[in-house]
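Asks: Residue numbers (our numbering), protein chains in the order written: chain A, 1 to 153; chain D, 154 to 306.
C-beta atoms are modelled at their ideal positions from N, C-alpha and C, and glycine is treated no differently.
Take this structure first; my questions come after.
Number of protein chains: 2
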Amino acid sequence: MKMILILNKKVMSLEFNRFRDHIKTLGLRLTPQRVLIFEVFLQTEGHFSVEKLFQKASDLDPQIGIATVYRTMKLLTACSLAREFIMPNGSILFEKSSTQEQHDHLVCEVCGKIIEFEHPKIRQYQEEVAQSRGFSIYYHRLTLIGICEDCKK
Amino acid sequence: MKMILILNKKVMSLEFNRFRDHIKTLGLRLTPQRVLIFEVFLQTEGHFSVEKLFQKASDLDPQIGIATVYRTMKLLTACSLAREFIMPNGSILFEKSSTQEQHDHLVCEVCGKIIEFEHPKIRQYQEEVAQSRGFSIYYHRLTLIGICEDCKK
DNA sequence: TTTAAAATGAGAATCATTTTCATTATTATA
DNA sequence: TATAATAATGAAAATGATTCTCATTTTAAA
């Protein structure tokens with residue numbers, strides 16, 4: 001692993017700063033493996049499994065271990081760069097958590113398509129419900145499972 | 154297992170009819186084990202694991218196998234008598250799905266308390282979102298994860 | 001440098017769930 | 001009823017995703 005990678009402009013991003021800061025704050029180390037996995041993560045669109053990231057990372061560094069991918073995804077999740085998404089069948093995917101923008105998911109049970117949506121009113125009512133029960137919400141999970149337009153045909 | 158049990162008034166319920174009809178519709182058989190697990194399920198309140206049901210069923214029939222509990226919970230879920238609930242940590246609990254009444258959950262991350270709620274407006278907006286994307290919703294999952302009143306103190 | 005701490009990869013362990021399979025029970029049929 | 005066909009069972013093995021262990025290597029600090 002060449003450390004030159006982390007000097008790459010694309011990588012010296014807000015995301016990278018957040019990742020590095022998180023690691024440093026915990027007194028941990030920014031290793032070539034972590035940087036590699038971070039890059040692969042950042043270059044992956046949509047919703048993806050640890051296995052998928054592991055495959056992509058393996059292409060760049062065949063030495064990498066899947067345990068390190070799991071460990072790094074924990075770090076990325078902890079600093080809110082990644083979000084976990086639980087599929088209806090229970091399998092876990094990750095997605096990039098673009099800074100502030102929160103969103104929920106529509107999942108097609110037939111083709112597996114995942115559509116993101118955002119609805120301020122739903123968010124607002126969730127807060128109301130929580131408050132009325134004395135709860136403070138840390139986060140929420142909302143997934144609508146059904147069938148998409150294409151699969152209806 | 155005495156078959157007399159299924160003649161018990163408490164058991165000859167709407168729920169039991171639904172369970173039996175579902176099994177018959179699939180061309181399957183109503184066995185003493187299935188009836189026992191059904192009864193244990195019906196007598197269990199709140200949110201519970203397969204392991205918990207297995208323990209209770211084992212008290213009544215030490216011969217029962219946990220695989221049969223899993224298989225029966227699949228049947229109960231398929232005919233909508235049971236609902237799966239995924240805890241924030243990923244573990245799966247079941248709850249009785251009281252006929253029509255749908256609800257969502259507030260989960261306290263500190264003490265594990267689970268509070269059910271229902272909000273028609275949220276339901277309505279979910280439908281709107283789905284329709285606007287051409288989706289038809291089969292079901293949804295909404296969980297608000299946070300901290301409850303007691304644990305805040 | 002030398003030392004201490006952290007990270008790694010490989011593989012073992014875990015753990016809930018599913019599958020397999022030989023046996024038993026149930027239902028349908030003659 | 002007897003018989004055949006089918007389904008269900010329990011035990012144990014298999015599975016598969018994730019976590020843990022640990023010997024070794026890497027990194028940072030003194």
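So, does the CB of H140/A fall closer than 8 Å to a CB anywhere in chain D?
Replies: Judged by the 8 Å Cβ criterion, H140/A is in contact with chain D.
Asks: In chain A, which residues lie with their C-beta within 7 Å of the C-beta of L259/D?
Replies: Under the 7 Å cutoff, chain A gives A130, R133, F135.
Asks: Taking C-beta pairs closer than 8 Å, name the residues in chain A that C301/D reaches, listed in chain order.
Replies: Those are R133, G134, F135, listed as they occur along chain A.
Asks: Within its chain, find whatever has a CB closer than 7 Å to the CB of N126/A; leave out the 5 residues flanking it on each side and keep chain order.
Replies: Per the sequence shown, the amino acid found at residue 126/A is Gln instead of Asn. Closer than 7 Å at the Cβ level, and outside the excluded window around Q126/A, lie I137, H140.
Asks: List the residues that DSSP assigns as beta-bridge partners of Y139/A.
Replies: In DSSP, Y139/A forms a bridge with I298/D.
Asks: Tell me, please, which residues DSSP counts as bridged to R236/D.
Replies: Its beta-bridge partners are E248/D.
Asks: For L206/D, which residues from the same chain have a beta carbon less than 8 Å from its beta carbon, with the 5 sequence-adjacent residues on both sides left out?
Replies: Taken in chain order, the residues that qualify are I190, V193, F194, T197, V222, M226, F247.
Asks: By the criterion of Cβ-Cβ separation under 7 Å, what are the contact partners of H318/D in chain A?
Replies: Chain D is shown only over 154 to 306; residue 318/D falls outside these bounds and no answer can be derived.
Asks: Could you name the residues of the region 220 to 234 of chain D whose beta carbon sits closer than 8 Å to any beta carbon of chain A, in the order they occur along the chain?
Replies: Under the 8 Å Cβ criterion, the region 220 to 234 of chain D contributes no residue.
Asks: Report the rounded CA-to-CA distance for T77/A versus E84/A, giving the unit in angstroms.
Replies: Cα to Cα, T77/A sits roughly 7 Å from E84/A.
Asks: For a cutoff of 8 Å on Cβ pairs, would you count I267/D as touching chain A?
Replies: By this cut-off, I267/D is not an interface position.
Asks: Going by DSSP, name the residue or residues bridged to F117/A.
Replies: Note: F117/A sits in a beta bridge opposite D104/A.
Asks: Between L167/D and chain A, is any beta-carbon pair separated by less than 8 Å?
Replies: Closer than 8 Å: no.
Asks: For a contact meaning CB atoms closer than 7 Å, what does E262/D contact in chain A?
Replies: Within 7 Å Cβ-Cβ: Y138.
Asks: Within the 8 Å Cβ cut-off, does L144/A reach chain D?
Replies: Closer than 8 Å to some Cβ of chain D, the Cβ of L144/A qualifies, so yes.
Asks: Hey, quick one: how far does the alpha helix (DSSP H) through T157/A stretch, first residue to last?
Replies: Outside the shown range of chain A (1 to 153) lies residue 157/A, about which nothing can therefore be said.
Asks: Given 8 Å as the limit, is there contact between the region 140 to 151 of chain A and the region 96 to 110 of chain A, that is, 3 or more CB pairs closer than that?
Replies: Taking 8 Å as the limit for Cβ pairs, the verdict is that the region 96 to 110 of chain A does touch the region 140 to 151 of chain A.
Asks: Strictly under 8 Å for the Cβ-Cβ distance: is I86/A near chain D by that measure?
Replies: True, the Cβ-Cβ gap to chain D drops below 8 Å.
Asks: Between the Cα of L183/D and those of E269/D, R224/D, E254/D, spot the shortest distance and give me the residue it belongs to.
Replies: The option with the nearest alpha carbon to L183/D is R224/D.
Asks: Would you mind telling me which residues of chain A sit closer than 7 Å to I217/D, beta carbon to beta carbon, in chain order?
Replies: By Cβ distance, chain A contributes nothing, its closest Cβ being about 25 Å from I217/D, past 7 Å.
Asks: Check the Cβ-Cβ distances between K190/D and every residue of chain A, and say whether any is below 8 Å.
Replies: Residue identity check: residue 190/D is Ile in the sequence provided, not Lys. Closer than 8 Å: no.
Asks: If you check the beta carbons only, do R133/A and I267/D fall under 8 Å apart?
Replies: Not in contact: R133/A and I267/D (Cβ atoms no closer than 8 Å).
Asks: Thinking V129/A and F288/D are a contact (beta carbons under 8 Å), I'd like their distance in whole angstroms, please.
Replies: Incorrect: roughly 24 Å between the Cβ atoms, too far for contact.
Asks: Got a sec? Which residues, its chain only, sit under 6 Å from L144/A by beta carbon, not counting five neighbours each side?
Replies: For L144/A, where only same-chain residues beyond five positions count, the Cβ hits under 6 Å are L106.
Asks: Is there a Cβ of chain D sitting closer than 8 Å to that of I122/A, yes or no?
Replies: With 8 Å as the cut-off, I122/A counts as an interface residue toward chain D.
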